[in-house]
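Here is the structure we will look at.
Numbering (the UniProt record's numbering), first residue to last: 1 to 535.
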């Protein structure tokens with residue numbers, strides 16, 4: 001029984017340790033998901049700014065827009081625009097046209113961005129412009145004149161430190177973020193001492209071996225740690241969550257010593273009881289006879305059975321219940337933070353729209369008014385997406401039909417106000433749900449189509465634009481846009497607006513099919529997979 005008791009204690013402690021490790025893994029994956037969300041917000045903001053260069057191509061105008069957006073992001077140190085050769089066109093740290101004497105080497109990330117056309121996340125670096133440790137987010141840009149650039153936001157480590165401090169981390173535990181090169185990006189403990197320095201060798205070996213897992217070893221301070229990690233798919237950075245080894249080892253050691261001591265004491269007591277009863281039996285045969293007689297008498301009182309005290313594992317169940325409450329609270333807080341972020345982005349975009357409307361009202365040049373109207377339409381597409389995200393029941397998913405209805409109505413009202421007869425909008429939409437990036441691209445495509453139709457399709461002064469969104473089969477959506485205008489002349493086939501529509505269609509994996517005579521129509525077939533479930 002003593003051996004069974006010691007074994008049960010060891011098994012119980014091992015079970016609790018596995019359970020704690022599983023909960024740590026859930027926490028670290030949640031932090032990694034929050035890290036990806038923050039990086040996606042930065043990338044989406046830069047992509048929205050990059051759209052300005054696609055249409056306008058004026059770096060100085062982009063500089064002013066970037067400066068205004070950068071002021072809304074407290075953790076951005078600065079934003080730079082570099083050409084394909086790595087030369088700095090401007091930096092928000094200095095006035096436009098002022099040369100930047102020194103800047104960080106981002107050649108590998110810049111080359112990958114130019115080659116793949118996809119955003120890139122650098123490792124931690126010490127930026128001479130920022131004069132502190134930053135992480136660079138690069139978004140490739142192709143200007144109106146065909147030149148290729150990269151828009152780069154330098155994000156300070158305080159952003160990632162704030163992300164870690166928001167997590168419910170017990171005292172004495174430590175959480176950190178490590179970049180692809182094994183450098184500490186953020187840390188909840190002694191950040192000012194270890195950020196920018198290499199992680200311990202055993203940590204680097206573990207995170208290079210697998211995207212997720214566990215490891216043990218000494219911390220940077222020398223204390224033994226038990227670590228769980230998960231690598232971000234977006235940035236390649238790794239989130240690590242570690243507890244002091246004593247949290248697991250000391251309770252096991254104390255329990256085993258206590259079980260051993262109690263077992264020895266129980267064996268000693270049992271031996272004394274055996275000796276006592278043996279002596280009593282050997283002293284008096286008479287006593288045995290009396291006991292036998294008592295047992296033979298009907299109704300005689302018998303010794304009560306020994307108590308059977310079964311102890312429930314209440315502590316394990318309490319731990320599970322408390323952990324479940326903490327996880328639910330953390331998830332609610334994450335969703336609330338995401339909705340708040342979407343609400344703020346929506347408000348910022350609304351402020352930008354107000355500024356553009358003010359500038360458009362004061363502008364005297366028709367070309368300037370046209371450009372500002374185009375920008376208003378494109379920014380309105382982004383604002384409506386964030387408005388839908390804020391109101392949606394499911395985080396990160398937009399109901400495409402209602403979104404396109406509102407967007408097209410606003411675009412027709414904006415661009416049709418200059419036509420004598422106005423523009424009518426005819427619609428037929430199904431309900432379909434898509435992710436944020438797909439909704440943005442399709443919204444910009446619809447806006448560009450309406451803009452081009454309003455400018456070129458109705459020389460007689462009035463017309464009709466038709467929007468149709470069809471769910472042809474599960475996982476497949478068809479978007480049709482058409483007008484009853486004069487058709488698309490051959491010289492307009494390669495206009496900037498139509499090229500932008502083609503680029504946006506490629507981003508969502510759809511092919512733009514045009515019909516230009518006698519009327520202009522556009523058909524897109526989009527395969528959404530699991531993301532585009534429908535009603």
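Every residue gets a Cβ at the ideal spot worked out from N, C-alpha and C, and that includes glycine.
- According to DSSP, residue pairing for residue 150 in a beta bridge involves 82, 140.
- Under the three-state reduction of DSSP, residue 56 is assigned to coil, being neither helix nor strand.
- Excluding five sequence positions before and after residue 430, the CB atoms of its chain that fall closer than 7 Å to its own CB belong to 401, 469, 470, 471, 534, given in chain order.
- Setting aside the 5 residues that flank it on each side, residue 231 is surrounded in the same chain by 211, 238, each with a C-beta closer than 6 Å to its C-beta; the list follows chain order.
- For residue 43, same chain residues with a beta-carbon under 7 Å away, outside a window of 5 residues either side, are 119, 137, 139 in chain order.
- Per the coordinates, the alpha-carbon of residue 202 lies some 22 Å from the alpha-carbon of residue 164.
- By the neighbour-count criterion, in which a residue is buried when 16 or more other Cβ atoms sit within 10 angstroms of its Cβ, residue 276 is exposed.
- At the C-beta level, residue 412 and residue 450 come within 8 Å of one another.
- Just measuring C-alpha positions, the residue of 260, 371, 184 sitting nearest residue 199 is 184.
- Relative to residue 215, the option among 141, 25, 406, 462 whose CA is nearest is 25.
- Three or more beta-carbon pairs drawn from the region 75 to 82 and the region 91 to 111 are found closer than 8 Å, and the two stretches are therefore classed as touching.
- The residue among 76, 266, 433 with its C-alpha nearest the C-alpha of residue 152 is 76.
- Across the set 443, 115, 104, 169, the C-alpha of 169 shows the shortest separation from the C-alpha of residue 30.
- The continuous alpha helix (DSSP H) containing residue 409 extends over residues 400 to 415.
- For residue 168, the three-state secondary structure derived from DSSP is coil.
- In the three-state reduction of the DSSP assignment, residue 96 falls in the coil class, being assigned neither a helical nor a strand state.
- If you check the CB distance, residue 110 and residue 86 come in under 8 Å.
- Within its own chain, the residues whose Cβ lies closer than 7 Å to the Cβ of residue 505, once the five positions on either side in sequence are excluded, are 445, 511, 512, 524, listed in chain order.
- For residue 202, the enclosing alpha helix (DSSP H) begins and ends at 201 to 209.
- Distance from the CA of residue 222 to the CA of residue 399, rounded to the nearest whole angstrom, comes to 52 Å.
- Judged by DSSP secondary structure, residue 484 falls outside any alpha helix (DSSP H); it is assigned neither H nor E.
- Boundaries of the alpha helix (DSSP H) around residue 436: 436 to 456.
- In the three-state scheme derived from DSSP, where H, G and I count as helix and E and B as strand, residue 29 is classed as helix.
- In this chain, the alpha helix (DSSP H) harbouring residue 107 covers 107 to 116.
- In this structure, the beta-carbon distance from residue 463 to residue 435 does not fall below 8 Å.
- In the three-state reduction of the DSSP assignment, residue 132 falls in the strand class.
- Note on geometry: alpha-carbon atoms of residue 264 and residue 8 lie some 16 Å from one another.
- In its chain, beyond the 5 residues on either side, 49, 52 have a beta carbon closer than 7 Å to the beta carbon of residue 65.
- DSSP places residue 67 in the helix class (H, G or I) of the three-state scheme.
- Only residues of its own chain outside the window of five on either side were considered, and among them 372 have a CB closer than 7 Å to the CB of residue 359, listed in chain order.
- Annotation for residue 215: the continuous beta strand (DSSP E) segment containing it runs 212 to 218.
- The beta carbon of residue 54 sits closer than 8 Å to the beta carbons of 141, 142, 143, 144, 496, 500, 503 from its chain, once the five residues preceding and following it are set aside; these are given in chain order.
- For residue 512, the pairing in a beta bridge is given by DSSP as 524.
- Rounded to the nearest angstrom, the Cβ distance from residue 526 to residue 477 is 5 Å, consistent with a contact under 8 Å.
- Within the model, the alpha-carbon separation for residue 480 versus residue 425 is close to 13 Å.
- Residue 160 sits away from residue 130, with the two beta carbons spaced by 8 Å or more.
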